[in-house]
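First comes the structure, then the notes that go with it.
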Amino acid sequence: MLDDLRIPLGDWVEAGVDWVTDNVKVVFDVIKAIVSALYDVVELVLTEPPAIVLILVLAAIAFAVRGWKMGVGTAVGLFAIVLVGQWDNAMATLALTLVAAFFALAIAIPLGIWAARNDTVSTIVRPVLDFLQTMPAFVYLIPAIILFSIGVVPGIIATIAFAMAPGVRLTELGIRGVDKEIVEAGTAFGASPGRILRQIQLPLALPTIMTGVNQIIMLSLSMVVIAAMVGAGGLGQPIVQALQRIDVGLGTEAGLSVVILAIILDRITNALGSLQEHSPVARLRGRRAAAAADAGTAAAAGATAQAERVAPATTRGA
Numbered sequence: 001m002l003d004d005l006r007i008p009l010g011d012w013v014e015a016g017v018d019w020v021t022d023n024v025k026v027v028f029d030v031i032k033a034i035v036s037a038l039y040d041v042v043e044l045v046l047t048e049p050p051a052i053v054l055i056l057v058l059a060a061i062a063f064a065v066r067g068w069k070m071g072v073g074t075a076v077g078l079f080a081i082v083l084v085g086q087w088d089n090a091m092a093t094l095a096l097t098l099v100a101a102f103f104a105l106a107i108a109i110p111l112g113i114w115a116a117r118n119d120t121v122s123t124i125v126r127p128v129l130d131f132l133q134t135m136p137a138f139v140y141l142i143p144a145i146i147l148f149s150i151g152v153v154p155g156i157i158a159t160i161a162f163a164m165a166p167g168v169r170l171t172e173l174g175i176r177g178v179d180k181e182i183v184e185a186g187t188a189f190g191a192s193p194g195r196i197l198r199q200i201q202l203p204l205a206l207p208t209i210m211t212g213v214n215q216i217i218m219l220s221l222s223m224v225v226i227a228a229m230v231g232a233g234g235l236g237q238p239i240v241q242a243l244q245r246i247d248v249g250l251g252t253e254a255g256l257s258v259v260i261l262a263i264i265l266d267r268i269t270n271a272l273g274s275l276q277e278h279s280p281v282a283r284l285r286g287r288r289a290a291a292a293a294d295a296g297t298a299a300a301a302g303a304t305a306q307a308e309r310v311a312p313a314t315t316r317g318a
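Next up, the structure:
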């Protein structure tokens, strides 16, 4: 008897997708054009310059945010990618990761802020995020292919859906975790809700939000192989080829390149969340703060001396 009971969920979903593709195709064409154009620009920036130029630039960024050890490690790791012949694929993967992370963050951070400031939104968003995080990664490819055909765009769209959830959760967590007494103090001094958000909540929640940024980038990079199955290219393509041909050498080269990129991106984004004291950027901030404090002290001392000179003159005049 139970065998005869069946809900045609698949038929309903298929009918809904057919309706969307027939009636809202223009919207998805516009989205595809925007995502494709941005990816092409980022890929061009990463692939056109000589490898040594990009290695130096990325090593300089790593040095600025984390110190000379990270700078040297970044240069060595990227040079290793060049030596195994996977540089172009690595830059295509980096472009895909950056574009997907950009769109995921553009959705996740505002949504996380909204959820932190509105309990109703948080209640609605939480089960949606649970659904996104428990869905197998391959499932995201099906609607992406239907709506955007094959190529790099469906790979990016699937990556956005797969990687977005931690950014929303950690943004909400960071803002809700700000001490309520600090927020109340800002309110007592007449600060508007927008100003409290910009000048109190977001700065204090920044380390937690940057953890969300880190998670989004790592999850985006983890979709490399899956995105390659729909024609996204990058390092996922040689990995898929290695699986098909049982080519251990090619798989090792591409896999090692993915690991190197993951380590570099992870360390840089972690360092951005809390700049270490020995990093050049942190030292520069410290020098500027010290210079500002010295200038303030000198100005106060000058004002005091001026007041002391004026006081006797006033007394004599009296």
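Going by full-length UniProt numbering, the first residue of the sequence shown is number 1, and it counts up by one from there. Beta carbons are placed, not taken as given, at the ideal position from N, Cα and C, and that holds for glycine.
Item                                                                                                                     : Value
Proximity below 8 Å, CB of L235 to CB of V152                                                                            : no
Extent of the continuous alpha helix (DSSP H) run through S257                                                           : 248-273
Simplified DSSP state of N118, which is helix, strand or coil                                                            : coil
With 16 other Cβ atoms within 10 Å as the buried cut-off, status of Q201                                                 : buried
Unbroken stretches of the alpha helix (DSSP H), 4 residues or longer, contained in the segment 42-88                     : 51-66, 68-83
Beta carbon of V168 nearer than 8 Å to that of A115                                                                      : yes
Which of helix, strand or coil DSSP assigns to G155                                                                      : helix
DSSP-derived helix/strand/coil call for G186                                                                             : helix
Backbone secondary structure at M218 - three-state DSSP                                                                  : helix
Cut-off 8 Å between Cβ atoms - residues of its own chain near F102, not counting five sequence neighbours on either side : L38
Contact under 8 Å by Cβ, I109 with I209                                                                                  : yes
Inter-residue spacing [alpha-carbon to alpha-carbon] between P8 and I146                                                 : 20 Å
Distance between V24 and G273 (C-alpha atoms, nearest Å)                                                                 : 40 Å
Option in P203, P143, T252, P166 with minimal Cα separation from G16                                                     : P143
Three-way DSSP call (helix, strand, coil) for P127 in this model                                                         : helix
Cβ pair M218, A262 closer than 8 Å                                                                                       : yes
Meets three-Cβ-pair contact criterion under 8 Å: the segment 229-246 and the segment 187-195                             : no
Rounded separation between F28 and P154 - CA only                                                                        : 11 Å
Distance CB(G77)-CB(I264) smaller than 8 Å                                                                               : yes
V84 beta carbon less than 8 Å from that of L256                                                                          : yes
Check whether D171 and G112 have beta carbons under 8 Å apart                                                            : One point to set straight first is that residue 171 is Thr, not Asp, in the sequence displayed. It is a contact, given that the beta carbons lie within the stated cut-off.
Supposed close pair I239, A254 - CB separation, criterion 8 Å                                                            : 5 Å
Rounded C-alpha distance that separates A92 from L105                                                                    : 20 Å
Alpha carbon of Q276 to alpha carbon of Q215, nearest angstrom                                                           : Here the model assigns Q276 a pLDDT of 48, short of 50, so the residue's position is not dependable and the matter cannot be decided.
C-beta contact flag for G251 and A205 at 8 Å                                                                             : no
Limits of the unbroken alpha helix (DSSP H) element including G236                                                       : 236-245
7 Å CB neighbourhood of F138 in its chain, flanking five on each side removed                                            : I226
Sub-8 Å separation of S220 and T159 beta-carbons                                                                         : yes
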